[in-house]
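So the structure is just underneath, and the comments pick up after that.
Protein chains: 2
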Amino acid sequence: MKILLIEAYPLLREGIAAVLGELDESVQIHAADDGDQAVKLYAARRGWDLMVLDGDRDGGNGPVALARMREQFPGTPLVVLSSVADRGTVLRAIDQGARGYILKSSRREIVIAALRLVMFGGTYLPASVAGTEKLIPEDKAVTGHDRTLTARQMDVLELLVQGKPNKEIAGALGVSENTIRAHVGAILKFLDARNRAEAGYAAVRQGLVSNRV
Amino acid sequence: MKILLIEAYPLLREGIAAVLGELDESVQIHAADDGDQAVKLYAARRGWDLMVLDGDRDGGNGPVALARMREQFPGTPLVVLSSVADRGTVLRAIDQGARGYILKSSRREIVIAALRLVMFGGTYLPASVAGTEKLIPEDKAVTGHDRTLTARQMDVLELLVQGKPNKEIAGALGVSENTIRAHVGAILKFLDARNRAEAGYAAVRQGLVSNRV
DNA sequence: GCCCGCCTAGTCCGATCGGACTAGGGGCGC
DNA sequence: GCGCCCCTAGTCCGATCGGACTAGGCGGGC
Chain A
1 MKILLIEAYP LLREGIAAVL GELDESVQIH AADDGDQAVK LYAARRGWDL
51 MVLDGDRDGG NGPVALARMR EQFPGTPLVV LSSVADRGTV LRAIDQGARG
101 YILKSSRREI VIAALRLVMF GGTYLPASVA GTEKLIPEDK AVTGHDRTLT
151 ARQMDVLELL VQGKPNKEIA GALGVSENTI RAHVGAILKF LDARNRAEAG
201 YAAVRQGLVS NRV
Chain B
1 MKILLIEAYP LLREGIAAVL GELDESVQIH AADDGDQAVK LYAARRGWDL
51 MVLDGDRDGG NGPVALARMR EQFPGTPLVV LSSVADRGTV LRAIDQGARG
101 YILKSSRREI VIAALRLVMF GGTYLPASVA GTEKLIPEDK AVTGHDRTLT
151 ARQMDVLELL VQGKPNKEIA GALGVSENTI RAHVGAILKF LDARNRAEAG
201 YAAVRQGLVS NRV
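Chains as they are written, first to last, in this note's numbering: chain A, 1 to 213; chain B, 1 to 213.
Listed below in structure tokens is the structure:
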């Protein structure tokens with residue numbers, strides 16, 4: 001059984017590897033620091049049974065890596081490991097094609113069972129996302145226009161959260177400051193925030209941006 | 001050899017335990033989810049050789065746990081494991097009595113060597129904190145007047161982090177807006193931030209305010 | 001008592017922000 | 001094609017912010 005593990009921290013790699021080892025006696029774990037490295041190292045190989053991705057990676061490249069991996073290795077079930085469990089983050093991961101979302105705080109038995117579930121075609125979500133609407137879009141439904149920020153808005157939000165002024169964000173994204181102004185306005189409205197500082201606070205609370213820690 | 005490990009995530013426990021196992025053939029690891037549990041479970045036991053504390057714990061109780069452990073188990077070397085390495089956070093941990101600050105991104109060989117170093121009486125710091133002033137206060141020096149925010153500044157910071165405008169903070173604290181202005185100015189300077197949004201970001205990263213998540 | 005740091009409060013001013021607009025181009029679905 | 005939404009870009013303007021000042025009251029340390 002071949003498992004592709006995207007995890008930059010050696011300590012966590014050890015822990016995950018130890019748990020994965022219980023899945024099967026013939027587990028081979030191939031690790032990479034991030035999505036880029038994974039693609040670079042393993043693009044040529046096929047026949048993966050599972051991909052495990054650390055969703056806590058700072059800088060928000062967690063989601064990017066997810067999309068990246070889904071594109072490069074379509075068909076291979078992908079599980080996100082994370083420490084945060086807010087609805088938004090989990091649902092986004094599932095939307096992007098993850099087949100499981102496992103909390104790092106889960107007991108090892110849970111982790112193993114969840115991984116098995118996913119490899120057998122299931123989808124695993126933490127209990128904390130139990131909400132009002134359907135959790136797993138049947139088809140993919142809710143493409144989301146009033147519940148999600150657009151991709152561009154997320155780009156802006158990520159920098160906004162870090163306290164960058166509009167001018168800097170504009171430079172980073174290669175557009176005019178006025179454009180950023182418009183995006184920021186939309187973000188404030190969406191988050192019901194009165195200013196960018198409050199927006200940053202709200203965004204982190206809601207798990208819109210990967211993390212701040 | 002008895003090691004007390006404060007780490008809530010089973011996956012990380014596995015990884016850390018695997019690494020700690022290399023320190024000595026007779027390692028016994030006793031784990032707890034947090035400082036409270038550690039004290040509750042192990043307060044009666046003595047003779048610890050090392051304490052390892054996860055410094056990433058959300059809610060900012062990392063620092064609290066640190067102080068707690070130092071108080072309960074004085075004399076036992078304590079090492080903080082963390083994923084962030086900014087100067088402020090590291091120095092605060094050292095100030096509070098940690099004898100080592102190990103990055104989770106370190107190679108396992110580094111982790112092991114650092115732990116040995118600490119157990120033999122040394123202090124280990126990541127290279128990233130190399131700065132202008134002395135890293136390890138000889139006596140304890142700097143009781144901290146320019147290294148810490150004042151109580152009033154912390155009051156302001158807490159509201160500032162939430163995105164409140166000056167007027168609102170002034171109202172909440174019962175002082176004039178000008179006063180808040182002065183405090184905010186001092187906070188920005190202290191955090192080396194260009195605006196309040198960046199200050200909020202920095203404050204959370206450095207664990208100055210309880211949390212954002 | 002004197003010094004020092006903190007909290008308070010104020011002024012002035014340029015920079016930045018945020019709201020309310022208009023508007024063109026591009027992509028997608030019906 | 002037509003509508004709709006998104007991204008882009010712009011203007012205008014009042015509000016807010018942040019820096020650089022001055023200054024008085026208060027409390028703790030030497």
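Ideal Cβ positions, reconstructed from N, Cα and C, are used throughout, including at glycine.
Could you tell me whether any Cβ in chain B is nearer than 8 Å to the Cβ of ASN178/A?
no
Under 8 Å between beta-carbons, which chain A residues line up against ALA18/B? List them in chain order, please.
GLU14, GLY15 and ALA18
Could you pull out every residue in the same chain whose Cβ sits closer than 7 Å to the Cβ of VAL142/B, ignoring the five residues on either side in sequence?
In this prediction, VAL142/B has a pLDDT of 27, which is less than 50 and means its spatial position is unreliable; what the coordinates show is noted afterwards. If we look at VAL142/B and ignore the five residues flanking it on each side, it has no Cβ neighbours.
How would you label PRO10/B, buried or exposed, when you count the other beta carbons within 10 angstroms and need 16 or more for buried?
buried
State whether the stretch 37-45 of chain B contacts the stretch 68-76 of chain B, with contact taken as three or more CB pairs (one from each stretch) at a distance under 8 Å.
yes
One question on the structure: do LEU125/A and VAL90/A come within less than 8 Å of each other, judged by their Cβ atoms?
yes
Taking 8 Å as the CB-CB limit, is ASN195/B close to chain A?
yes
Determine the closest residue to GLN96/A out of GLY15/A, GLY171/A and PRO77/A, with distance taken between C-alpha atoms.
PRO77/A
Beta-carbon within less than 6 Å of ASP33/B's beta-carbon, same chain only, minus the 5 sequence neighbours each way: which residues are those?
ALA8
Within the 8 Å Cβ cut-off, does TYR201/B reach chain A?
yes
With contact counted as at least three CB pairs below 8 Å, one residue from each stretch, are the stretch 155-163 of chain B and the stretch 183-190 of chain A in contact?
no
Please report the distance separating the alpha-carbon of PRO165/A from that of ARG194/B.
9 Å
Contact set between GLU198/B and chain A, taken where Cβ atoms lie within less than 8 Å
GLN162, GLY163 and LYS164
Sequence-distant residues of the same chain with beta carbon closer than 7 Å to ALA114/A, five excluded per side
GLY100, ILE102 and TYR124
Can you have a look at LYS104/A and say buried or exposed, based on whether 16 or more other CB atoms are within 10 angstroms of its CB?
buried
Check each candidate in LEU4/A, GLY171/A and GLN72/A and name the one with the smallest Cα separation from VAL80/A.
LEU4/A
Quick one: what does DSSP say ALA203/B is sitting in, helix, strand or coil?
helix
Quickly, what does DSSP pair HIS30/B with across the bridge? List them, please.
LEU4/B
Proximity to SER82/B [Cα-Cα], best of GLY75/B, ALA98/B and PHE73/B
ALA98/B
Within 8 Å of chain B by C-beta, residues of the stretch 96-113 of chain A in sequence order
LYS104, SER105, SER106, ARG107, ARG108 and VAL111
Cα-Cα separation between MET1/B and GLN28/B, rounded to whole angstroms:
6 Å
Rounding to the nearest angstrom, what Cα-Cα distance links ILE136/A and ALA43/A in this structure?
Since pLDDT at ILE136/A reaches only 39, below the 50 mark, its modelled position is unreliable, and no value is offered.
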